[in-house]
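Residue numbers (the numbering used here), protein chains in the order written: chain A, 1 to 197; chain B, 198 to 550. Since the structure comes first, as structure tokens, the remarks are kept for the end.
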């Protein structure tokens with residue numbers, strides 16, 4: 001058992017020690033620019049990645065401003081998980097097709113100053129790529145969190161956050177994605193605490 | 198109605214190497230950063246009013262854009278093909294002629310807005326190229342491309358201008374602590390003397406062959422300045438600015454004048470590590486890098502000279518860096534409709550790193 005646990009943790013440690021630092025920095029800069037122009041962040045993924053998106057949005061919206069925004073001195077910054085309700089998810093999947101579950105709702109919300117974070121371990125999910133293509137068509141910046149070989153998402157994204165692994169290592173990829181997403185939340189928590197004085 | 202805004206910029210090292218006469222012979226390199234001072238551009242279609250209205254420091258109302266006195270608005274409307282029923286207005290926090298690149302920020306915001314009116318959304322590099330084409334080829338300004346790229350991309354960047362006219366854009370990735378730290382060491386003063394970049398650059402352009410080696414040194418110094426910036430070595434950066442300000446002064450007589458020299462000298466004598474006049478020179482803004490403990494002494498000494506020289510518009514401008522480049526603030530047209538084909542503008546020249 002100890003060997004098994006060490007085997008998995010070694011994989012995660014290796015991935016963590018090779019974080020794509022420059023691309024994560026670009027992602028933070030993109031989010032910062034989005035805040036300056038009062039844009040919103042839309043986040044989505046399938047399965048475990050959707051859970052990461054939900055987790056990140058709740059942390060980002062609550063943690064950052066729970067600490068610093070209460071005095072009203074710091075302008076708020078909104079992150080929204082898409083689809084924002086299960087009803088929308090099932091409506092698009094049932095009525096139109098599963099490949100439209102993100103692009104459909106995104107088309108309702110998206111404005112010029114916004115930013116998109118797409119999370120996909122394979123980087124090739126058709127519904128993710130459709131939504132990313134919609135954002136790209138409007139020059140809305142895309143932060144792509146991918147794993148394995150990065151897939152199509154890593155080619156399209158402006159900030160290419162790839163956690164390279166063997167094909168199918170979902171556990172490792174999603175664990176490291178979680179760490180990177182927490183890093184982004186921490187950064188803005190520190191930043192807003194700083195400017196709130 | 199469409200409203201865009203584009204930030205102004207502080208250029209640290211390499212200004213002048215973005216002129217085509219230089220970079221066609223040897224790559225030009227510039228390091229710059231955008232600040233929270235903006236030029237806003239409003240474009241409004243007026244289907245029931247056929248005339249063309251331009252509102253800036255003057256108001257113009259004409260029957261055809263070809264009659265406009267404002268060269269940028271005139272050439273941009275003619276080039277994009279909007280010939281009637283349009284109002285174009287521009288607003289900004291600071292006056293023109295500050296050396297912070299405001300005319301190019303306006304060109305960038307204007308180009309972005311007018312293409313959007315036609316249903317075309319431009320990428321940052323497409324906006325930068327189209328604005329450069331507007332100012333250099335259509336209006337005929339003897340300027341380079343660094344300001345259009347700075348305003349279109351936003352943030353801290355190194356721009357490399359290549360002999361084949363392509364531009365490499367390398368963002369400098371600084372966290373907020375480093376940006377705050379740099380801000381706290383910078384002092385920026387508007388001298389109250391405004392000048393057009395064109396007059397200084399025309400002289401500078403004619404001197405390019407004589408000063409070629411100086412420009413090569415300035416372009417290659419960008420990497421050294423970058424290393425000092427990443428290391429947070431502000432005194433080293435200040436010393437470099439000082440050396441390069443002296444070099445820049447040698448490029449054309451109009452870069453400086455006795456008043457500017459006095460102001461600069463006063464800043465140095467009050468403890469600044471270095472500094473420079475921003476933009477083409479001859480007026481505009483004065484930038485100092487100095488230990489925050491010296492800032493009040495520098496303020497007092499330059500203000501005393503400004504008072505003595507009766508520079509009534511002399512003022513300090515607080516430096517706050519921003520990350521976002523030119524952006525669309527308001528677009529009351531429908532976001533998701535309209536053609537998504539590429540603009541007539543040729544495919545992008547910019548390569549991103």
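Glycine included, every Cβ here is placed at the ideal spot set by N, Cα and C. A quick note: this is a predicted structure, and the numbers were derived from the prediction, not measured.
Give me the residue from the options with the minimum Cα distance to residue i.
i             : options                       : result
residue 122/A : 101/A, 151/A and 129/A        : 151/A
residue 372/B : 188/A, 9/A and 172/A          : 188/A
residue 17/A  : 158/A, 164/A and 100/A        : 164/A
residue 339/B : 497/B, 219/B and 510/B        : 219/B
residue 207/B : 262/B, 438/B, 390/B and 501/B : 438/B
residue 187/B : 330/B, 278/B, 416/B and 391/B : Examination of residue 187/B is not possible in this model, given that chain B is present from 198 through 550 alone.
residue 525/B : 443/B, 404/B and 312/B        : 312/B
residue 254/B : 214/B, 277/B and 300/B        : 300/B
residue 139/A : 115/A, 59/A and 154/A         : 115/A
residue 492/B : 383/B, 445/B, 527/B and 265/B : 383/B
residue 276/B : 364/B, 213/B, 346/B and 261/B : 261/B
residue 259/B : 240/B, 231/B and 280/B        : 280/B
residue 7/A   : 185/A, 169/A and 159/A        : 169/A
Verify the CB distance criterion: does residue i have a CB-CB separation below 9 angstroms to chain A?
i             : result
residue 368/B : yes
residue 537/B : Unreliable placement is indicated for residue 537/B, whose pLDDT of 42 sits below 50; the coordinate value is still reported in the next sentence. Yes, residue 537/B counts as interfacial toward chain A.
residue 377/B : yes
residue 521/B : yes
residue 524/B : yes
residue 316/B : no
residue 267/B : no
residue 528/B : yes
residue 373/B : yes
residue 319/B : yes
residue 306/B : no
residue 533/B : In this prediction, residue 533/B has a pLDDT of 46, which is less than 50 and means its spatial position is unreliable; nothing more can be read from the coordinates.
Sorted by chain position, which residues of the same chain lie with C-beta nearer than 7 angstroms to residue i's C-beta, five sequence neighbours on each side aside?
i             : result
residue 57/A  : 43, 79, 80 and 81
residue 541/B : Caution is warranted here: a pLDDT of 41 is assigned to residue 541/B, below 50, making its placement in the model unreliable, and no coordinate value can be reported.
residue 246/B : 282
residue 544/B : Note that residue 544/B has pLDDT 43, beneath the 50 cutoff, so the model's placement of it is unreliable and no number is given.
residue 324/B : 305, 308, 309, 349 and 523
residue 454/B : 479
residue 292/B : 391
residue 136/A : 142 and 156
residue 520/B : 351 and 352
residue 242/B : 282, 283 and 314
Quick one: what's got a C-beta closer than 6 angstroms to residue i's C-beta in the same chain, skipping five residues either side?
i             : result
residue 425/B : 433 and 434
residue 484/B : 385, 472, 473 and 475
residue 145/A : 119, 161 and 177
residue 376/B : 518
residue 536/B : Only weak support is given to the placement of residue 536/B: the predicted model assigns it a pLDDT of 37, under 50, and the question is left unresolved by the model.
residue 129/A : 152
residue 408/B : 448
Among all the DSSP beta bridges, which residues are the ones paired with residue i?
i             : result
residue 198/A : There is no way to answer for residue 198/A, as the model of chain A reaches only from 1 to 197.
residue 411/B : Note: residue 411/B sits in no beta bridge, so no partner.
residue 7/A   : Bridge partners of residue 7/A: none, in fact.
residue 473/B : 484/B
residue 81/A  : 43/A
residue 287/B : 238/B
residue 230/B : 207/B and 353/B
residue 115/A : 41/A
Mind checking if residue i is an interface residue toward chain B, Cβ cutoff 9 angstroms exclusive?
i             : result
residue 28/A  : yes
residue 25/A  : yes
residue 34/A  : yes
residue 187/A : yes
residue 111/A : yes
residue 81/A  : no
residue 157/A : no
residue 18/A  : no
residue 196/A : no
If you draw a straight line from the alpha carbon of residue i to that of residue j, how long is it in whole angstroms?
i             : j             : result
residue 413/B : residue 226/B : 9 angstroms
residue 332/B : residue 294/B : 15 angstroms
residue 143/A : residue 29/A  : 11 angstroms
residue 3/A   : residue 11/A  : 12 angstroms
residue 190/A : residue 197/A : 11 angstroms
residue 147/A : residue 419/B : 35 angstroms
residue 494/B : residue 506/B : 19 angstroms
residue 49/A  : residue 486/B : 46 angstroms
residue 318/B : residue 427/B : 34 angstroms
residue 504/B : residue 22/A  : 47 angstroms
residue 551/B : residue 107/A : Absent from the model: residue 551/B. The displayed extent of chain B is 198 to 550, so no value can be given.
residue 174/A : residue 54/A  : 13 angstroms
residue 15/A  : residue 192/A : 29 angstroms
residue 470/B : residue 214/B : 24 angstroms
What residues in its chain sit with their C-beta under 8 angstroms from that of residue i, if we drop five residues either side in the sequence?
i             : result
residue 183/A : 24
residue 272/B : 331, 335 and 336
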